[in-house]
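Below: the structure, in structure tokens.
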Amino acid sequence: ELVTLRDAPMTSPWTGVGSAWAQPLPHQAELISRVVSTYPRGYLLADEVGLGKTVEAGMVLRELFTSGQAKKALLLVPASVMKQWQEELHEKMNLDVARFDKGSFVDRYDEPIPVDPNANPWSAFPIVLASSHLARRCDRRRQILDAGPWDVVLVDEAHHARRRGSKPTDTPNSLLALL
Numbered sequence: 045e046l047v048t049l050r051d052a053p054m055t056s057p058w059t060g061v062g063s064a065w066a067q068p069l070p071h072q073a074e075l076i077s078r079v080v081s082t083y084p085r086g087y088l089l090a091d092e093v094g095l096g097k098t099v100e101a102g103m104v105l106r107e108l109f110t111s112g113q114a115k116k117a118l119l120l121v122p123a124s125v126m127k128q129w130q131e132e133l134h135e136k137m138n139l140d141v142a143r144f145d146k147g148s149f150v151d152r153y154d155e156p157i158p159v160d161p162n163a164n165p166w167s168a169f170p171i172v173l174a175s176s177h178l179a180r181r182c183d184r185r186r187q188i189l190d191a192g193p194w195d196v197v198l199v200d201e202a203h204h205a206r207r208r209g210s211k212p213t214d215t216p217n218s219l220l221a222l223l
């Protein structure tokens, strides 16, 4: 019986969601269950404004990490909401994530987080939050791609990751390879 109790956090569904500081609404719980149970299948979350897509995504992320299914995640969001995402992940999901902002990684208090200068900085944290625009820059793209493989790639406002140009000879945004 003690072994069962010890192993419960790794085998029980909803370990991550149950230990988060926020609890999902019924429509969110249904979606979280579907996404987690079919991982690593990809999903597009498209709800009306205010229905809790950020909470859904955060709960899925927490569940995947808590259960051990995921160990590395890249979150690409518009620069204007990066801080909000970082705060919400902490306040509702009990997840502290590093945010790449103004050339360095910072915590939710905007304090720099030291990284090994000899290593790829994008590999230093299990969950990395960055601007979707910054990640498209050629000078950052290679580092981000080389830091993979990413178990989870979350793109807020994913239409920004679409292919640029419309000619058959145009190459797709290489970040799409992560999705």
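Numbering (the numbering used here), first residue to last: 45 to 223.
Note that beta-carbon positions come from the ideal geometry of N, C-alpha and C, so glycine has one too.
Small disclaimer: the values here were computed from a predicted structure and weren't measured.
What residue range does the alpha helix (DSSP H) around Ile188 cover?
Position 144 of the sequence shown, counted from the start, is the residue given in the question as residue 188. Per DSSP, Ile188 belongs to the alpha helix (DSSP H) from Cys182 to Asp190.
Is DSSP giving Ile76 helix, strand or coil here?
Position 32 of the sequence shown, counted from the start, is the residue given in the question as residue 76. Here Ile76 sits in helix by DSSP.
Enumerate in chain order the residues of its own chain whose CB-to-CB distance from Asp91 is below 6 Å, with the five nearest sequence positions on each side excluded.
In the sequence shown, the residue the question calls residue 91 occupies position 47. Once the five neighbours on either side are set aside, the close Cβ partners of Asp91 are Lys97.
Would you report the Cα separation of Lys146 and Arg185, rounded to the nearest angstrom?
Numbered from its first residue, the sequence shown carries residue 146 at position 102. Numbered from its first residue, the sequence shown carries residue 185 at position 141. Looking at the two C-alpha atoms, the distance is approximately 16 Å.
I need the DSSP call for Leu69, collapsed to helix, strand or coil.
Taking the first residue of the sequence shown as position 1, residue 69 is located at position 25. Correct three-state label for Leu69: coil.
When DSSP labels each residue in this structure, what does Arg106 get in the three-state scheme?
Start at 1 with the first residue of the sequence shown, and residue 106 comes out as number 62. Helix, per DSSP.
Skipping 5 residues on each side, what residues in its chain have a beta carbon closer than 6 Å to that of Pro193?
If you number the sequence shown from 1, residue 193 lands on position 149. Excluding sequence neighbours, Pro193 sits near nothing in its chain.
Hey, how far is the Cα of Ser167 from the Cα of Phe149?
Translated into the one-based positions of the sequence shown, residue 167 becomes position 123. Translated into the one-based positions of the sequence shown, residue 149 becomes position 105. Rounded to the nearest angstrom, the two C-alpha atoms are 12 Å apart.
Measure the Cβ-Cβ separation of Val125 and Asp190 and say whether it is below 8 Å.
Start at 1 with the first residue of the sequence shown, and residue 125 comes out as number 81. Start at 1 with the first residue of the sequence shown, and residue 190 comes out as number 146. No, Cβ-Cβ distance for Val125 and Asp190 is not below 8 Å.
Check whether the Cβ atoms of Glu132 and Gly102 sit closer than 8 Å, and answer yes or no.
Looking up residue 132 in the sequence shown gives position 88. Looking up residue 102 in the sequence shown gives position 58. In this structure, Gly102 lies closer than 8 Å to Glu132 by Cβ.
With distances taken between CB atoms, is the gap from Arg106 to His134 smaller than 8 Å?
As a working note, residue 106 is residue 62 in the sequence shown. As a working note, residue 134 is residue 90 in the sequence shown. Taking 8 Å as the Cβ cut-off, Arg106 and His134 do not qualify as a contacting pair.
For a test of the three-state rule: what should DSSP assign to Ser111, helix, strand or coil?
Taking the first residue of the sequence shown as 1, we reach residue 111 at position 67. Coil, per DSSP.
Please go through the same chain and pick out, in chain order, the residues whose beta-carbon is closer than 7 Å to the beta-carbon of Glu100, but skip the five residues on each side of it.
Taking the sequence shown and counting its residues from 1, the one referred to as residue 100 is at position 56. Once the five neighbours on either side are set aside, the close Cβ partners of Glu100 are Gln72, Leu75, Ile76 and Leu89.
Using CA atoms only, rank isn't needed, just tell me which of Ala117, Ser111, Leu69 and Gly112 is closest to Lys94.
On the sequence shown, position 50 is the one that residue 94 refers to. Reading the sequence as shown, one finds Gly at residue 94 and not Lys. Answer by Cα proximity: Leu69.
Can you list, in chain order, the residues of its chain with a C-beta nearer than 8 Å to that of Pro170? Leave out the 5 residues immediately preceding and following it.
Position 126 of the sequence shown, counting from 1, holds the residue named residue 170. Excluding sequence neighbours, Pro170 sits near Phe109, Lys115, Lys116 and Ala117.
In angstroms with no decimal places, state the Cα-to-Cα distance between Gln187 and Asn164.
Locating residue 187 in the sequence shown gives position 143, where the first residue counts as 1. Locating residue 164 in the sequence shown gives position 120, where the first residue counts as 1. Approximately 7 Å, taken between the alpha carbons.
Between Val197 and Ser111, what straight-line distance do the alpha-carbon atoms span, to the nearest angstrom?
Numbered from its first residue, the sequence shown carries residue 197 at position 153. Numbered from its first residue, the sequence shown carries residue 111 at position 67. Looking at the two C-alpha atoms, the distance is approximately 17 Å.
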